[in-house]
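Trainee: Sharing a structure, written as structure tokens. Questions coming.
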Amino acid sequence: ASDIEGDLSTVLVTEAEIHAKLAEIARRIETDYAGKDVLLVGVLKGAIMVMADLARELRLHVETDWMAVSSYGAGTKSSGVVQIRKDLDSDLTDRHVLIVEDIIDSGLTLSWLLENFASRGAASIEVCALLRKPEAAKVEIECRYVGFDIPNEFVVGYGLDYAEKYRNLRDVGVLAPHVYS
Ligand code: PRP
Ligand code: MN
Ligand code: MG
């Protein structure tokens, strides 16, 4: 229970790399949304760190809202069944919505969310995901802002959990198999 960093077998993306990448993405978002008000929608709970850091990088007026969905439960595999635990407070009508996610794994969560949002009358809907696992894709997601493509391994840290733990690691790393096998 003490040394959480010892539960990683490899660090994949460091805190410094994450911050540099979010700064790059923020510059693109500032250009793409110049003159528009953006609604950042963070997907709880994994997106908490990306949302906090990306939002503070942006020199734009943004509003923030949160949606809580979960498809993983306590396991390491997506169940494919997405549940809404908390809906948005905001009305999406005529809004420029930018969904902020920590990771696109199978793509099932975002595919479900995009479909759910499509009927809410937004002016635009785009996705920003810090991480993406191309080899794990079960559905293609159009993601305008991607931080890093990573191998198909179970990763934790910087918001990503295993059984609700490890979200507080600063880096993103591969969870050592001894932890969950
Ligand atoms: C994780 C992650 C993404 C989703 C990606 O969330 O934060 O939201 O899974 O996986 P997918 O592309 O295969 O759908 P999770 O359901 O574990 O909930 P959490 O954010 O509360 O950890
Ligand atoms: Mn999530
Ligand atoms: Mg999770």
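Residue numbers for the sequence shown, in this note's numbering: 3 to 183. Quick reminder that beta carbons are idealized off the backbone N, C-alpha and C, glycines included.
(1) Please report how far the alpha carbon of K38 lies from the alpha carbon of W114, in whole angstroms.
(2) Across the stretch 168–183 and the stretch 108–127, are there enough close Cβ pairs to call them in contact, namely three or more that are closer than 8 Å?
(3) What does the alpha-carbon distance come out to for the pair V84 and V71?
(4) Would you kindly check if the distance between the Cβ of L10 and the Cβ of D151 is under 9 Å?
(5) Can you give me the start and stop residues for the beta strand (DSSP E) that D104 sits inside?
(6) Taking buried to mean at least 16 other C-beta atoms within 10 Å of its own C-beta, is E166 buried or exposed?
(7) Taking V43 and I105 to be in contact with their CB atoms under 8 Å, please state how far apart those CB atoms are, rounded to whole angstroms.
(8) Take the Cβ of R97 as the centre, count every other Cβ of all protein chains shown within 10 Å, and call the residue buried at 16 or more, exposed below.
(9) Would you kindly work out how many angstroms separate the C-alpha atoms of A36 and A124, rounded to a whole number?
(10) Please confirm whether any heavy atom of ligand 3 lies closer than 8 Å to the CB of K47.
(11) Given R30, which residues of its chain have a CB within under 8 Å of its CB, disregarding the five upstream and five downstream residues?
(12) Check whether the Cβ atoms of G161 and K47 sit closer than 9 Å, and answer yes or no.
(13) Check the DSSP bridge columns for E128 and list the partner residues they point to.
(14) So the candidates are E59, T111, Y164, D67; which of them puts its Cα closest to the Cα of E144?
Mentor: Let's see:
(1) 26 Å
(2) no
(3) 6 Å
(4) no
(5) 98–106
(6) exposed
(7) The pair is not a contact, with the Cβ atoms about 16 Å apart (cut-off 8 Å).
(8) buried
(9) 17 Å
(10) yes
(11) Y147
(12) yes
(13) L100
(14) T111
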